[in-house]
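Residue numbers (UniProt numbering), protein chains in the order written: chain A, 1 to 184; chain B, 1 to 184.
What follows is one structure encoded as structure tokens, with my remarks underneath.
Number of protein chains: 2
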Amino acid sequence: MAKTIAERADIIPVLAEIFREYGFEGASLAVVGNRTGLGRGSLYHFFPGGKEEMATAVLLHIDTWFEDRIYRPLRESDDPTAAISAMCRAVSDYFHSGCRVCVVGAFALDNVRDRFAGAILDYFADWKHALATALQKTGRMPDHAIDLAEEAVANIQGALVLARALDDPAVFERAMQRIEKRLL
Amino acid sequence: MAKTIAERADIIPVLAEIFREYGFEGASLAVVGNRTGLGRGSLYHFFPGGKEEMATAVLLHIDTWFEDRIYRPLRESDDPTAAISAMCRAVSDYFHSGCRVCVVGAFALDNVRDRFAGAILDYFADWKHALATALQKTGRMPDHAIDLAEEAVANIQGALVLARALDDPAVFERAMQRIEKRLL
DNA sequence: TACAAACTTTACCAATCAGTACAATTCACG
DNA sequence: CGTGAATTGTACTGATTGGTAAAGTTTGTA
């Protein structure tokens with residue numbers, strides 16, 4: 001009937017929020033339809049592959065966001081200390097102090113992990129590598145930098161789990177402060 | 001027709017494994033039926049409340065296991081250092097070096113969190129409290145002990161996420177070694 | 001042997017699921 | 001205007017979902 005001035009690119013952030021709240025299996029097409037305001041026809045027009053393609057698009061969108069705002073600055077900044085601090089701030093903002101869940105982390109724990117294994121692995125491997133690069137530039141030995149980076153990335157995910165389990169954003173904020181202190 | 005020598009107590013570990021692999025929504029009654037070998041009738045005989053009651057029973061079973069094997073020793077042992085070491089070993093065994101997921105953590109990230117919020121909160125709050133008690137007995141100040149405990153519990157969950165995302169149990173083992181070193 | 005409780009099988013239900021088909025509509029462009 | 005492509009609404013499918021009903025079978029006990 002109509003043409004709602006909707007573009008694929010506008011829908012993806014909405015899909016991301018849906019997958020964050022409902023998980024992959026919980027995000028039924030009924031929910032997606034309601035929240036996006038798009039009928040089945042439009043949904044399958046933009047994402048012929050159905051839910052799987054929607055999720056893939058969301059994961060790509062997230063990866064691009066992190067690459068632009070976090071990974072590349074970490075790798076390329078010539079003030080690594082500032083880049084690490086900026087990362088901590090950006091992460092805290094992005095996850096709303098732990099009130100928002102990490103879609104990629106949630107997918108990793110879910111039984112859909114295998115279907116998106118590549119994207120999930122890339123997200124975390126890139127993060128770890130970018131952070132390790134920055135840490136090396138602060139004078140750490142390569143092995144130690146990688147170890148610290150792995151620990152920090154894991155700790156952020158753990159803080160998200162615990163903050164949500166205890167229903168207490170302060171848990172997340174405390175964790176982020178510990179992480180930043182250890183990295184700088 | 002028959003009486004399969006199945007008791008409720010025998011079924012719960014199977015259910016736990018199912019929820020671990022499939023998540024709450026993914027664990028359909030068809031899957032549960034196949035894996036337990038029980039028909040719908042038997043399932044609803046043991047768990048009149050359906051899936052919700054199955055999950056509740058699983059969470060209770062897990063909580064009891066951790067209380068007996070980890071929390072109580074941490075709180076009551078008069079060799080807190082040994083109890084903390086034993087905790088790290090038990091956790092590493094329980095999660096199969098990160099190959100097995102923490103059901104409670106996975107539920108916390110899922111959209112079913114609200115339905116089991118109480119059990120999820122208790123699991124983590126008890127863990128944190130028991131570990132903090134042990135840490136205090138090693139001479140730490142109360143505030144510092146609580147902080148260390150919160151960090152350790154979060155780090156274990158984060159290690160599970162990252163090990164599964166990177167598909168590398170070594171990530172989990174490294175994390176557990178870091179955690180133990182920091183606690184002792 | 002009798003009988004009640006525990007347990008199991010089977011068939012069923014309405015709701016919801018992802019996905020398809022296609023006609024109706026709108027847009028961009030000539 | 002007019003035309004073809006892009007977009008959308010609606011109705012549908014077959015499979016699967018969690019859950020129910022009730023009849024059948026086994027068990028422990030007396």
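The C-beta atom is built at its ideal place from N, Cα and C for all residues, glycine as well.
It should be emphasised that the depicted structure is a prediction, and the values quoted were computed from it without experimental measurement.
Own chain partners of residue i with C-beta closer than 7 angstroms, once the 5 adjacent residues on each side are dropped
i, result
"Pro169 (chain B)", "Ser97, Gly98, Cys99, Ala163"
"Gln136 (chain A)", "Pro142, Ala145"
"Phe46 (chain B)", "Arg8, Ile11"
"Lys3 (chain B)", "Only weak support is given to the placement of Lys3 (chain B): the predicted model assigns it a pLDDT of 47, under 50, and the question is left unresolved by the model."
"Val101 (chain B)", "Arg20, Leu160, Arg164"
Cross-chain neighbours of residue i in chain B, by beta carbon under 7 angstroms
i, result
"Ala125 (chain A)", "Leu166"
"Val153 (chain A)", "Leu162"
"Arg178 (chain A)", "Glu151"
Proximity of residue i and residue j at Cβ, strictly below 7 angstroms
i, j, result
"Ala106 (chain B)", "Leu148 (chain A)", "no"
"Phe172 (chain A)", "Ala165 (chain B)", "no"
"Arg20 (chain A)", "Val103 (chain A)", "yes"
"Ala152 (chain A)", "Leu183 (chain A)", "yes"
"residue 186 (chain A)", "Gly158 (chain B)", "The structure shown does not extend to residue 186 (chain A), since chain A is modelled only from 1 through 184, so no value can be given for it."
"Ala90 (chain A)", "Arg69 (chain A)", "yes"
"Val58 (chain B)", "Ala16 (chain B)", "yes"
Pairwise C-alpha distance: residue j and residue i
i, j, result
"Ala132 (chain A)", "Leu74 (chain A)", "9 angstroms"
"Lys181 (chain A)", "Asp114 (chain B)", "33 angstroms"
"His129 (chain A)", "Ala82 (chain A)", "17 angstroms"
"Met141 (chain B)", "Thr64 (chain A)", "44 angstroms"
"Tyr44 (chain A)", "Gly23 (chain A)", "20 angstroms"
"Ile11 (chain B)", "Asp93 (chain B)", "22 angstroms"
"Thr56 (chain A)", "Phe116 (chain A)", "8 angstroms"
"Ala134 (chain A)", "Ser42 (chain B)", "58 angstroms"
"Gly139 (chain B)", "Lys51 (chain B)", "45 angstroms"
"Glu150 (chain B)", "Asp126 (chain B)", "11 angstroms"
"Ile84 (chain A)", "Met54 (chain A)", "32 angstroms"
"Ala86 (chain B)", "Phe66 (chain B)", "12 angstroms"
Residue i: contacting residues in chain A (beta-carbon distance under 7 angstroms)
i, result
"Glu21 (chain B)", "Asn111"
"Gly26 (chain B)", "Glu25, Asn111"
Under 8 angstroms from the C-beta of residue i: neighbouring residues of chain B
i, result
"Ile156 (chain A)", "Gly158"
"Ile120 (chain A)", "Ala165"
"Val14 (chain A)", "Near Val14 (chain A) there are no residues of chain B at all, since even the closest Cβ is about 16 angstroms away, more than 8 angstroms."
"Arg182 (chain A)", "The contacting residues do not exist; Arg182 (chain A) stays about 10 angstroms from chain B at best."
Beta-carbon contacts of residue i that lie in its chain and below 8 angstroms, excluding the five residues immediately before and after
i, result
"Asn155 (chain B)", "Ala175, Arg178, Ile179"
"Gly39 (chain B)", "Gly33"
"Gly49 (chain A)", "Thr56"
"Leu60 (chain B)", "Ala119"
Within chain A, partners of residue i - CB distance below 9 angstroms
i, result
"Ser69 (chain B)", "In the sequence as presented, Ser is not what sits at residue 69 (chain B); that position holds Arg. None at all; the shortest Cβ gap to chain A is about 20 angstroms."
Chain-ordered neighbours of residue i on chain B, where CB pairs are closer than 9 angstroms
i, result
"Gly105 (chain A)", "Leu109, Gly158, Val161, Leu162, Ala165"
Cut-off 6 angstroms between Cβ atoms - residues of its own chain near residue i, not counting five sequence neighbours on either side
i, result
"Thr36 (chain A)", "Ile11, Val14"
"Leu29 (chain A)", "none"
"Pro80 (chain A)", "Ala134, Lys137, Thr138"
"Ser77 (chain B)", "Ala83"
Next item on the list: Report the residue ranges of all alpha helix (DSSP H) runs contained in full by the segment 82-130 of chain B; include only those spanning at least 4 residues, in chain order.
Entry: 103-109
Checklist line | Segments of 4+ residues assigned as alpha helix (DSSP H) that fall wholly inside the UniProt domain "HTH tetR-type" (5-65) of chain A | finding: 8-26, 29-36, 40-46
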